[in-house]
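**Student:**
Number of protein chains: 2
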Amino acid sequence: MPRTGLDPAAVVAAAAGLADEVGLANVTMGLLAKRLGVRAPSLYKHVDGQADLNRRIAVLALTELDDALRAALQGRSGREALAAAARTIPTYVVEHPGRYAATIRIDADGPGGPIVAAGARVLDSLSAVLAGYRLDPADTVHALRLLRSLFHGFAVLEAAGGFELDTDVGESFEWLIGFVDRGLTVTAATPHRREHHAGHEEGQR
Amino acid sequence: MPRTGLDPAAVVAAAAGLADEVGLANVTMGLLAKRLGVRAPSLYKHVDGQADLNRRIAVLALTELDDALRAALQGRSGREALAAAARTIPTYVVEHPGRYAATIRIDADGPGGPIVAAGARVLDSLSAVLAGYRLDPADTVHALRLLRSLFHGFAVLEAAGGFELDTDVGESFEWLIGFVDRGLTVTAATPHRREHHAGHEEGQR
DNA sequence: GGGGCTTGGCTAATGCTATTAGCTATAGGC
DNA sequence: GCCTATAGCTAATAGCATTAGCCAAGCCCC
Chain A
1 MPRTGLDPAA VVAAAAGLAD EVGLANVTMG LLAKRLGVRA PSLYKHVDGQ
51 ADLNRRIAVL ALTELDDALR AALQGRSGRE ALAAAARTIP TYVVEHPGRY
101 AATIRIDADG PGGPIVAAGA RVLDSLSAVL AGYRLDPADT VHALRLLRSL
151 FHGFAVLEAA GGFELDTDVG ESFEWLIGFV DRGLTVTAAT PHRREHHAGH
201 EEGQR
Chain B
206 MPRTGLDPAA VVAAAAGLAD EVGLANVTMG LLAKRLGVRA PSLYKHVDGQ
256 ADLNRRIAVL ALTELDDALR AALQGRSGRE ALAAAARTIP TYVVEHPGRY
306 AATIRIDADG PGGPIVAAGA RVLDSLSAVL AGYRLDPADT VHALRLLRSL
356 FHGFAVLEAA GGFELDTDVG ESFEWLIGFV DRGLTVTAAT PHRREHHAGH
406 EEGQR
């Protein structure tokens with residue numbers, strides 16, 4: 001039994017590739033082992049079972065996604081940056097559906113965990129998009145959540161083939177970017193008009 | 206072996222409840238059978254295996270969600286309708302995470318399938334929200350996709366506990382509704398200015 | 001009211017999955 | 001050139017979905 005020279009990174013990379021090819025759910029230890037020219041139990045010398053494997057794929061995916069985002073944002077700002085970021089995410093999801101799926105079905109990972117850290121870097125990159133709009137600081141968190149929800153939702157629905165109608169998805173995408181861009185622009189111009197949420201503190205000021 | 210009086214609907218209902226309690230992934234045939242006071246193989250007399258069960262849960266969830274949406278939209282329009290719809294979805298997802306999860310991990314279902322039909326009804330309800338804004342018809346499809354992506358993304362992220370920051374999620378939610386409402390209002394006022402997508406047809410006109 | 005067919009429930013068996021235990025031989029440090 | 005840590009192996013266990021084949025409960029119709 002010759003040493004194959006495996007290490008955790010190689011196992012995770014192979015698993016990620018396999019996930020993109022056959023779907024995350026179909027990545028069995030046996031199949032992955034075969035891909036690596038090894039028997040299934042040997043994988044446990046490198047990763048700590050399937051849950052751990054999923055977590056590592058998720059970290060890989062978030063890291064790659066963040067790299068792609070940073071590259072796309074290089075030298076852009078404002079609407080350009082927004083469009084670039086918005087395009088990057090669905091592109092990644094379509095190219096690497098298995099990897100991205102791993103980021104969704106995470107089985108918890110403490111606040112200090114590597115998944116959260118990798119996710120935080122992605123959030124930082126998205127924040128960079130917002131920086132160009134010079135929002136009121138009080139609006140920034142909300143806008144960030146808007147972008148996250150929107151990009152995530154759009155990417156997932158597109159990857160799942162959820163848009164049945166025949167109107168071109170790319171066209172919707174451009175429309176959507178324009179919509180958000182205009183919205184953020186006027187938000188920046190009229191900073192933080194405090195919405196009277198559900199009746200609290202109306203009246204004065 | 207007394208007849209228990211099961212039928213497909215009862216099995217699906219039990220499975221949906223179980224999914225909400227223990228998570229969709231942990232709904233095993235054995236556990237479901239135990240819940241129903243029956244042995245696992247007996248379930249196959251009512252349901253065609255696990256894939257079929259998932260599909261049926263998805264249809265149930267989409268139907269319930271649509272009912273909730275219609276109820277919430279009764280007598281409302283414009284921003285009121287938007288807010289009501291937007292609130293309904295995350296509420297449903299938080300209350301029925303297992304059921305909603307089933308709608309995401311669907312393993313395809315032909316264009317005529319019941320899942321697609323149920324999804325279409327939800328889309329119709331969302332369309333009703335847009336009706337109040339009197340958008341240019343050319344904008345409607347895009348706006349619909351915006352709402353879907355946004356609501357879906359927000360609901361999933363909230364249910365997954367994806368919003369780490371300490372700023373109140375409810376506050377973000379109100380902010381987000383205001384953002385979309387303002388955006389849709391101005392879109393209605395300046396109908397369908399054709400975006401020059403990616404460089405095509407600029408110049409004249 | 002009884003005979004027969006439909007059918008919902010059962011047990012037993014198969015095959016796939018992840019995972020653990022314990023062995024062996026290899027590669028690198030000295 | 002040995003010694004040790006360890007990458008890989010085989011064998012075994014346990015949980016899962018699913019199929020095959022049996023049996024009795026209940027309903028329809030006479």
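These protein sequence lines map, in sequence, to chains A and B.
Numbering (the working numbering) for the first sequence: 1 to 205.
Numbering (the working numbering) for the second sequence: 206 to 410.
Ideal Cβ placement from N, Cα and C applies to all residues, glycine included.
Values in this document were obtained by computation on a predicted structure and should not be read as measured data.
Of the residues B:Ala322, B:Arg240, B:Leu328, which one's Cα is nearest the Cα of alanine 290 (chain B)?
**Tutor:** It is B:Leu328.
**Student:** Enumerate, from N- to C-terminal direction, the unbroken alpha helix (DSSP H) stretches of 4 or more residues contained entirely within the stretch 292 to 331 of chain B.
**Tutor:** Whole alpha helix (DSSP H) segments, 4+ residues: 302 to 309.
**Student:** Identify the continuous alpha helix (DSSP H) that holds threonine 12 (chain A) and give its terminal residues.
**Tutor:** Note that residue 12 (chain A) corresponds to valine in the displayed sequence, not to threonine. Here the alpha helix (DSSP H) through valine 12 (chain A) covers 8 to 22.
**Student:** Can you give me the start and stop residues for the alpha helix (DSSP H) that aspartate 181 (chain A) sits inside?
**Tutor:** Segment 169 to 189, the alpha helix (DSSP H) holding aspartate 181 (chain A).
**Student:** Counting along the chain, where does the alpha helix (DSSP H) carrying aspartate 66 (chain A) start and finish?
**Tutor:** It spans 50 to 73 - the alpha helix (DSSP H) in which aspartate 66 (chain A) sits, taken as one unbroken run.
**Student:** Which class does leucine 150 (chain A) belong to by DSSP, given the choice of helix, strand or coil?
**Tutor:** Correct three-state label for leucine 150 (chain A): helix.
**Student:** Return the chain-ordered list of same chain residues with a C-beta closer than 6 Å to the C-beta of alanine 155 (chain A), the five sequence neighbours on each side being excluded.
**Tutor:** Excluding residues within five positions, the ones whose Cβ falls inside 6 Å are Ile89, Pro90, Val93.
**Student:** Assess contact between the stretch 274 to 292 of chain B and the stretch 225 to 237 of chain B, defined as three or more Cβ pairs (one per stretch) separated by less than 8 Å. Is contact present?
**Tutor:** The answer is no - the stretch 225 to 237 of chain B does not touch the stretch 274 to 292 of chain B, with fewer than three Cβ pairs under 8 Å.
**Student:** Among A:Ala81, A:Thr167, A:Ile104, which residue has its Cα nearest to the Cα of glycine 366 (chain B)?
**Tutor:** Minimum Cα distance to glycine 366 (chain B) is reached at A:Ile104.
**Student:** What do you reckon, are the CB atoms on alanine 333 (chain B) and leucine 267 (chain B) nearer than 7 Å?
**Tutor:** No, these two residues do not count as a Cβ contact at 7 Å.
**Student:** Could you compute how far the alpha carbon of phenylalanine 378 (chain B) sits from the alpha carbon of alanine 117 (chain A)?
**Tutor:** Those two C-alpha atoms are separated by around 25 Å.
**Student:** Residues of chain B with a CB under 7 Å from the CB of serine 42 (chain A): which are they?
**Tutor:** Here the premise fails: no neighbours, minimum Cβ distance about 26 Å.
**Student:** Excluding the five sequence neighbours on either side, which residues of its own chain have a C-beta within less than 6 Å of the C-beta of glycine 78 (chain A), listed in chain order?
**Tutor:** Excluding positions up to five away in sequence, the list reads Gly132.
**Student:** Distance, Cα to Cα, isoleucine 57 (chain A) vs arginine 281 (chain B)?
**Tutor:** When rounded, the distance between both Cα atoms is 45 Å.
**Student:** Alpha carbons only, please: which of A:Gly119, A:Pro41, A:Gly23 is nearest the one belonging to valine 59 (chain A)?
**Tutor:** The candidate whose alpha carbon is nearest that of valine 59 (chain A) is A:Gly119.
**Student:** List, in order along the chain, the chain B residues whose C-beta lies closer than 7 Å to that of threonine 4 (chain A)?
**Tutor:** Those do not exist, as threonine 4 (chain A) stays about 32 Å from chain B at its closest Cβ, beyond 7 Å.
**Student:** Are alanine 393 (chain B) and leucine 340 (chain B) touching if we call contact CB-CB under 7 Å?
**Tutor:** Their beta carbons are under 7 Å apart, which means alanine 393 (chain B) touches leucine 340 (chain B) by this criterion.
**Student:** If you draw a straight line from the C-alpha of glycine 241 (chain A) to the C-alpha of arginine 240 (chain B), how long is it?
**Tutor:** Residue 241 (chain A) is absent from the structure shown; chain A starts at 1 and stops at 205.
**Student:** What residue does the alpha helix (DSSP H) around glycine 337 (chain B) start on, and which one ends it?
**Tutor:** Where glycine 337 (chain B) is concerned, there is no enclosing alpha helix (DSSP H), given that its DSSP letter is neither H nor E.
**Student:** Rank B:His301, B:Ile382, B:Leu211 by C-alpha distance to the C-alpha of aspartate 225 (chain B) and give the top, closest one.
**Tutor:** For the residues B:His301, B:Ile382, B:Leu211, the minimum Cα distance to aspartate 225 (chain B) belongs to B:His301.
**Student:** Within 7 Å of any Cβ in chain A, is that where the Cβ of threonine 372 (chain B) sits?
**Tutor:** Chain A, which has a Cβ nearer than 7 Å to the Cβ of threonine 372 (chain B), makes this yes.
**Student:** Does the beta carbon of alanine 260 (chain B) sit closer than 7 Å to a beta carbon anywhere in chain A?
**Tutor:** Here the sequence assigns arginine to residue 260 (chain B), which means alanine is not the residue at that position. Chain A, which has no Cβ nearer than 7 Å to the Cβ of arginine 260 (chain B), makes this no.
**Student:** Along the chain, where does the alpha helix (DSSP H) that runs through asparagine 244 (chain B) open and close?
**Tutor:** It should be noted that the sequence gives arginine, not asparagine, for residue 244 (chain B). Looking at the DSSP string, arginine 244 (chain B) is not in any alpha helix (DSSP H), and its letter there is neither H nor E.
**Student:** For a cutoff of 7 Å on Cβ pairs, would you count leucine 362 (chain B) as touching chain A?
**Tutor:** So yes, leucine 362 (chain B) belongs to the interface.
**Student:** What does glycine 17 (chain A) reach in chain B if we use C-beta pairs closer than 7 Å?
**Tutor:** Those within 7 Å of glycine 17 (chain A) in chain B number zero; the least Cβ separation is about 21 Å.
**Student:** Tell me, please, whether the CB atom of valine 346 (chain B) is closer than 7 Å to any CB atom in chain A?
**Tutor:** Cβ-Cβ to chain A under 7 Å: yes for valine 346 (chain B).
**Student:** Just by C-beta distance, which residues in the stretch 76 to 109 of chain A are closer than 7 Å to chain B?
**Tutor:** Per Cβ criterion, the list is empty.
**Student:** When burial is assigned at 16 or more other CB atoms within 10 Å of the CB, is valine 391 (chain B) buried or exposed?
**Tutor:** Looking at its Cβ environment, which holds fewer than 16 other Cβ atoms inside 10 Å, valine 391 (chain B) is exposed.
**Student:** Give the single residue among A:Leu32, A:Val22, A:Arg3, A:Gly178 whose Cα lies nearest to the Cα of valine 11 (chain A).
**Tutor:** It is A:Leu32 whose Cα lies nearest to the Cα of valine 11 (chain A).
**Student:** List, in order along the chain, the chain B residues whose C-beta lies closer than 9 Å to that of glycine 183 (chain A)?
**Tutor:** Correct list: Phe384, Val385, Arg387, Gly388, Val391.
**Student:** Excluding five sequence neighbours on each side, which residues of the same chain lie with their C-beta closer than 7 Å to the C-beta of glutamine 204 (chain A)?
**Tutor:** Because glutamine 204 (chain A) carries a pLDDT of 43, less than 50, the predicted location of this residue cannot be relied on, and the following value inherits that uncertainty. Within the same chain, glutamine 204 (chain A) has no close Cβ partners at all.
**Student:** Note down, in chain order, each residue of its chain lying with its Cβ closer than 8 Å to the Cβ of arginine 148 (chain A), except the 5 sequence neighbours on either side.
**Tutor:** So the qualifying residues of the chain are Leu123, Leu126.
**Student:** Please report whether the beta-carbon of arginine 350 (chain B) lies at a distance below 7 Å from any beta-carbon of chain A.
**Tutor:** For arginine 350 (chain B), the answer is yes, since a Cβ of chain A falls inside 7 Å of its Cβ.
**Student:** Exposed or buried, what is valine 47 (chain A) when buried is set at 16 or more other beta-carbons lying within 10 Å of its beta-carbon?
**Tutor:** That one is buried.
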